[in-house]
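Notes for the one structure printed next.
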Amino acid sequence: MIIYCGTQKPGPYETSNKLFDIVKTLTEPLKRTNRNVTTANWFSSYPLAEYLSSVALTFLGTLRKNKSEIPAIFVTENKNLVPGSYLFGYNDTSTLVSYVTKKKKVVLVLSTLHDKNEADDETGKPVQVMNYHATKGGVDTVDLMCSRISISRRTKRWPIIIFFRYLDISGINSMRIYQMTNCLETFVRRKYIFNLAIELMDENLRERAKICSLLKI
Numbered sequence: 024m025i026i027y028c029g030t031q032k033p034g035p036y037e038t039s040n041k042l043f044d045i046v047k048t049l050t051e052p053l054k055r056t057n058r059n060v061t062t063a064n065w066f067s068s069y070p071l072a073e074y075l076s077s078v079a080l081t082f083l084g085t086l087r088k089n090k091s092e093i094p095a096i097f098v099t100e101n102k103n104l105v106p107g108s109y110l111f112g113y114n115d116t117s118t119l120v121s122y123v124t125k126k127k128k129v130v131l132v133l134s135t136l137h138d139k140n141e142a143d144d145e146t147g148k149p150v151q152v153m154n155y156h157a158t159k160g161g162v163d164t165v166d167l168m169c170s171r172i173s174i175s176r177r178t179k180r181w182p183i184i185i186f187f188r189y190l191d192i193s194g195i196n197s198m199r200i201y202q203m204t205n206c207l208e209t210f211v212r213r214k215y216i217f218n219l220a221i222e223l224m225d226e227n228l229r230e231r232a233k234i235c236s237l238l239k240i
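In my numbering, the protein residues as written are 24 to 240.
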């Protein structure tokens, strides 16, 4: 998590707000873990894909059509094709896919995760596009889960808000680990969060019960 504080004066708190540097900072703990990073077109770029490849991470993301490194055939000429058509391009590390979703509308997907021009048997879409749609909603899904069940309370102190957010995300992560460890297909998150809170408080509650000076109700 990165806190946006605007432009800071030169000094120990100065940070870069460039999109490339933001992704680089967020993925720092994941370096050399061979995981995949999926980004929206706001963050995606070919230099970012090259950097992630250099630190043993794969990249998958949509590209804006105004990027200078994109050949014109992938944007302008491909618009004249029928919807459902696609065009592949390669270099040593990356694959670029131009997919026509509607008439004169093209979606560009850059990937270092794939190295073949394969299409899904059922939909006919390139696997790069299918994998992007399958993984792009991770942040939105977590935001939705946090909004439905949250431990946060109203406060005017922003560090407390961040602390509450960490607790919400930790609860989701621990629930997924518990669910996979115990091979549970269905799971009630609200019940899990309640039981987790009770277990975290249990030891402290038992110690407080031994204090004779506390009022017993």
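Ideal placement from N, C-alpha and C gives every residue a C-beta, glycine not left out. Remember, it's a predicted structure, so these values are computed and weren't measured experimentally.
ask   = Beta carbon of F97, beta carbon of S121: below 9 Å?
value = Between F97 and S121, the gap from beta carbon to beta carbon is short of 9 Å.
ask   = Taking three-plus beta-carbon pairs below 8 Å as touching, is the segment 152-159 in contact with the segment 125-137?
value = yes
ask   = Short check: CB of S68 to CB of L86, under 9 Å?
value = yes
request  = Helix, strand or coil for F111, going by three-state DSSP, please let me know.
outcome  = It is a strand residue.
query = Three or more C-beta pairs closer than 8 Å, one from the segment 169-178 and one from the segment 73-80: is that the case here?
reply = Touching, no.
request  = Could you check how far apart the C-beta atoms of V123 and P106 are, in whole angstroms? I think they sit under 8 Å.
outcome  = 5 Å
query = In whole angstroms, what is the alpha-carbon distance linking E230 and Y189?
reply = 26 Å
Backbone secondary structure at P149 - three-state DSSP = strand
task = Go ahead and pull the three-state DSSP assignment for N59.
result = strand
ask   = Tell me, which residues are paired with T209 by DSSP?
value = In DSSP, T209 forms no bridge with anything.
request  = With a floor of 3 residues, list each beta strand (DSSP E) that falls wholly inside the segment 27-80, ordered by position along the chain.
outcome  = Assignment of beta strand (DSSP E) within the segment 27-80, counting only whole runs of 3 or more residues, yields 59-62 in chain order.
task = Output the distance between the C-alpha atoms of Q31 and Y109, rounded to the nearest integer angstrom.
result = 44 Å
inquiry  = For K139, which residues in the same chain have their Cβ closer than 6 Å to its Cβ, ignoring the five residues on either side in sequence?
reply    = So no residue of the chain qualifies.
Neighbourhood of E51 by C-beta distance below 6 Å, restricted to the same chain and skipping five residues each side = Take E51, set aside five residues on each side of it, and no residue of its chain has a beta-carbon closer than 6 Å to its own.
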